[in-house]
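Residue numbers (the numbering used here), protein chains in the order written: chain G, 4 to 83; chain F, 4 to 83; chain P, 4 to 83; chain H, 4 to 83.
Number of protein chains: 4
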Amino acid sequence: ESANEFKFQKDALTQKLKETESRNQTLEAQLNDLELRLESSQLEREAYRKSLRSLLELLDSKIFELTELRDTLAKLMEGS
Amino acid sequence: ESANEFKFQKDALTQKLKETESRNQTLEAQLNDLELRLESSQLEREAYRKSLRSLLELLDSKIFELTELRDTLAKLMEGS
Amino acid sequence: ESANEFKFQKDALTQKLKETESRNQTLEAQLNDLELRLESSQLEREAYRKSLRSLLELLDSKIFELTELRDTLAKLMEGS
Amino acid sequence: ESANEFKFQKDALTQKLKETESRNQTLEAQLNDLELRLESSQLEREAYRKSLRSLLELLDSKIFELTELRDTLAKLMEGS
């Protein structure tokens, strides 16, 4: 091949490489962004489940207290 | 520059391009995977919230029914 | 004793008997009244207890339904 | 009338008066007994109503706490 042809091919390759590397940077930025969103979504979800767990425990104690109230009423009715 | 030198540079560029394109494919696969996980996580979350909404409505109706029971008891006590 | 004296005693006794019989009638009327009030009070109390028993059963069913709701929430949280 | 006849009437009246007074005592005892039972029944009823009033207040506070729990759940769901 002639030196000119090599020069042409080299320039084309250099251009293609530049584009591919630029595409790479874009993809890596998107990947980082998605990873951050996924991580933040999991932290949020963790906090959400923690709040729900507190609510479940609160609901348990309310059901327990209603059951005690029910038993007090039942004893009151037996005694009368 | 000599033809040899151009040949060497072209091979080096071709190699570098191949690596960059391979890296690109890896990144795109990771990106697709993450997008699917995020989407599936959002669908799950949507279903979760729908179930919670049903529970909230059920809780509302139970509180309403307890309030009716409370009013019946209050009336019974007024009447006696 | 003289007939006069007997006559006087007889009149006094007749008067005393009349008063005692009148007092008897008053007491019997009061007794009847109290018995009716006691009976009516017991019927009322019976009705009251019946209403309370219905409320107790209603409370039982509300506690049962809240417990089902609590179990549904617990399962939802385990699954997520 | 003869003294004998008056004597006979006086004795009959005295006997009748004794019986009526005895009947009076029985009636007064029954009346006292009933009054005590009615009073004790009213005291019991008062204590019963007091206990029921405490239960009603307890039920009010449980319904209030369940409503707070419900509002916390609703806010948690809005925020997510």
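Every residue gets a Cβ at the ideal spot worked out from N, C-alpha and C, and that includes glycine.
- Around the Cβ of K65 of chain P, a 10 Å sphere holds 16 or more other Cβ atoms; the residue is buried.
- When DSSP assignments are scanned along the segment 11-35 of chain P, no uninterrupted stretch of alpha helix (DSSP H) that is 4 or more residues long falls wholly within it.
- Of the candidates H:R73, H:L79, H:E24, H:L79 places its Cα closest to the Cα of R52 of chain F.
- When Cβ pairs closer than 8 Å are counted between the two stretches, the segment 26-42 of chain F is seen to touch the segment 19-30 of chain G, the count reaching three or more.
- Going by beta carbons, L41 of chain H and L69 of chain F fall outside the 9 Å limit.
- Only residues of its own chain outside the window of five on either side were considered, and among them none has a CB closer than 8 Å to the CB of L59 of chain F.
- Here the alpha carbon of N7 of chain F sits roughly 23 Å from the alpha carbon of E22 of chain F.
- Counting the other Cβ atoms within 10 Å of the Cβ of F67 of chain P gives fewer than 16, which makes it exposed.
- A distance of 9 Å or more separates the beta carbons of L72 of chain G and L55 of chain P.
- Approximately 19 Å separates the beta-carbon atoms of E49 of chain G and L37 of chain F; this is outside 8 Å, ruling out the contact.
- For S64 of chain H, the three-state secondary structure derived from DSSP is helix.
- Rounded to whole angstroms, the gap between the alpha carbons of T17 of chain F and F11 of chain G is 13 Å.
- Per DSSP, reduced to three states, the secondary structure at S5 of chain H is coil, with no helix or strand assignment.
- When the beta-carbon positions are compared, L20 of chain F and L34 of chain G stay at least 9 Å from each other.
- By the C-beta density criterion, L62 of chain H is buried, having at least 16 other C-beta atoms within 10 angstroms.
- When C-beta distances to chain F are compared with 8 Å, the residues of the segment 57-76 of chain P below that value are L58, L61, L62, K65, E68, L69, L72, T75, L76, in chain order.
- For chain G, the residues of the segment 34-50 of chain F that bring a beta carbon within less than 9 Å of one of its beta carbons are L34, L37, E38, R40, L41, S44, Q45, R48, in chain order.
- Contact residues of the segment 21-34 of chain P toward chain H are T23, E24, R26, N27, L30, E31, Q33, L34 (C-beta to C-beta distance below 7 Å).
- Cβ-Cβ separation between S44 of chain H and S44 of chain P: approximately 6 Å, consistent with a contact (criterion under 8 Å).
- For L55 of chain H, a Cβ of chain F is located within less than 9 Å of the residue's own Cβ.
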